[in-house]
Structures are given as structure tokens and as C-alpha cells.
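Novice: Let me give you the structure first, and then I'll get to my questions.
Residue numbers (the numbering used here): 929 to 1088.
Structure follows, in C-alpha cells:
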């Protein structure tokens, strides 16, 4: 695991640190790529995290959310300890069975879903998969189907 200390900075309301180039190059080598998003894991001030490294405005940044560092937006300028490495683990999120059943029962909604970009599909699947109660699960699966049919907004979006 690579270690470094970095000053917490902020861009467009998102706290982040720059990852040193020698560490980035090591991660790129292990990930076998240097474009797109790169799954990583490590520790921030000793607390474990799993995150995605990405490039924004020409710079690679490790965004530090509140799960990784309590009150991170209020800690801009603080020097933090970061451990980081490429994370080869499978991060695939399987669609909830209720969403799968609803798409199977509604061919039109399924066709729209299948025509969406993989990242858009993942956004819908992730939202549904993390719901905790049966009531919210059923309500949001119905909303997702209506959204795919162009009848209502879902996940902060208008029609697909």
C-alpha cells in the first residue's frame, strides 16, 4: 500500500487531495489503465475506505467524502494521511430481484432500460439496490418503471 500526506483541498464543493505522480503511476500500472475511473482502496487518517480515483479538469484527484473523513468540507487546508492502492475486487452491483421482475413484466420499460448507457443503468440499479425497506423498494421500483416509460422523474432526472 502506498502512503502519503496531503493537504485537503476543495473543488466545486468537493473535498479532495492530489495523489503524487509516482503513486499514480504505480496504480495505473496495477490497474492496467490510466483513463476513466480506477477503483482504489486504502485508509484516510487510519480509517478504511473504498473509492474511485478519477480525473477532473486535467488532474487526477482522490475525492474525500464524509464517510472517509468526518466533516471533510469543514477541514479544508488540513494535512491528512492517505494510504492508497488499486482495488481489483469485483464491484458489480446485481439488480434487485424486484427490479428484474418488474423489467421482465414490462417489455417496453425493459427495452428503454437496455437502450440506456451502462453508467445510467448502473445508477438506477445502485439506487434500487441500496433501499432498505420493502415499502420504499416497491415504491421506487414502480417509480423506476414509470420513469423508463416517460411518465415521471426518478433519481433527479426527467425522461431517459
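Here a beta-carbon is modelled for each residue, glycine too, at the ideal position from N, C-alpha and C.
Using only the alpha-carbon positions, how far apart do residue 986 and residue 1033 sit?
Specialist: Translated into positions along the chain shown, residue 986 becomes position 58. Translated into positions along the chain shown, residue 1033 becomes position 105. Roughly 44 angstroms between the two C-alpha positions.
Novice: Alpha carbon to alpha carbon, how far is residue 1069 from residue 1011?
Specialist: The residue labelled residue 1069 in the question sits at position 141 within the chain shown. The residue labelled residue 1011 in the question sits at position 83 within the chain shown. Going from the Cα of residue 1069 to the Cα of residue 1011 covers about 38 angstroms.
Novice: Would you kindly check if the distance between the Cβ of residue 973 and the Cβ of residue 1004 is under 7 angstroms?
Specialist: Start at 1 with the first residue of the chain shown, and residue 1004 comes out as number 76. Start at 1 with the first residue of the chain shown, and residue 973 comes out as number 45. Not in contact: residue 1004 and residue 973 (Cβ atoms no closer than 7 angstroms).
Novice: How many Å lie between residue 971 and residue 1059 at the Cα?
Specialist: If you number the chain shown from 1, residue 971 lands on position 43. If you number the chain shown from 1, residue 1059 lands on position 131. Answer to the nearest angstrom: the Cα atoms are 27 angstroms apart.
Novice: Does DSSP put residue 967 in a helix, in a strand, or in coil?
Specialist: Locating residue 967 in the chain shown gives position 39, counting from the first residue. It is a strand residue.
Novice: What does the Cβ neighbour count give for residue 979, buried or exposed, with the cut at 16 atoms within 10 Å?
Specialist: Residue numbering aside, residue 979 sits at position 51 when the chain shown is read from its first letter. Residue 979 comes out buried.
Novice: Throw me the rounded Cβ distance for the residue 968 and residue 981 pair, which I believe falls under 8 angstroms.
Specialist: The residue given as residue 968 occupies position 40 in the chain shown. The residue given as residue 981 occupies position 53 in the chain shown. With a Cβ gap of about 5 angstroms, residue 968 and residue 981 count as contacting.
Novice: For residue 1000, is the classification buried or exposed, using 16 other Cβ atoms within 10 angstroms of its Cβ as the cut-off for buried?
Specialist: For the purposes of this step, residue 1000 is identified with residue 72 of the chain shown, where counting begins at 1. It counts as buried.
Novice: Once the 5 residues before and after residue 1051 are set aside, which same chain residues still bring their CB inside 7 angstroms of it?
Specialist: Here residue 1051 corresponds to residue number 123 of the chain shown, with the count starting at 1. Excluding sequence neighbours, residue 1051 sits near 1083.
Novice: Leaving out the 5 sequence neighbours to the left and right, which residues in its chain are closer than 6 angstroms to residue 1075 when beta-carbon positions are compared?
Specialist: The residue labelled residue 1075 in the question sits at position 147 within the chain shown. Counting only Cβ-Cβ distances below 6 angstroms, and skipping sequence neighbours, we find 1082.
Novice: Whole angstroms are fine: how far does the CA of residue 1013 sit from the CA of residue 952?
Specialist: Residue numbering aside, residue 952 sits at position 24 when the chain shown is read from its first letter. Residue numbering aside, residue 1013 sits at position 85 when the chain shown is read from its first letter. About 9 angstroms.
Novice: Output needed for residue 1053: all residues of its chain with C-beta closer than 6 angstroms, excluding positions within five of it in sequence on either side, in chain order.
Specialist: Numbered from 1 along the chain shown, position 125 holds the residue referred to as residue 1053. Correct list, in chain order: 1021 and 1023.
Novice: Short check: CB of residue 1038 to CB of residue 1044, under 7 angstroms?
Specialist: Taking the chain shown and counting its residues from 1, one reaches residue 1038 at position 110. Taking the chain shown and counting its residues from 1, one reaches residue 1044 at position 116. Not a contact, by the Cβ cut-off of 7 angstroms.
Novice: Looking only at its own chain, which residues have a Cβ that is under 7 angstroms from the Cβ of residue 948, when we skip the five neighbours before and after it?
Specialist: Translated into the one-based positions of the chain shown, residue 948 becomes position 20. Cβ within range, chain order: 932.
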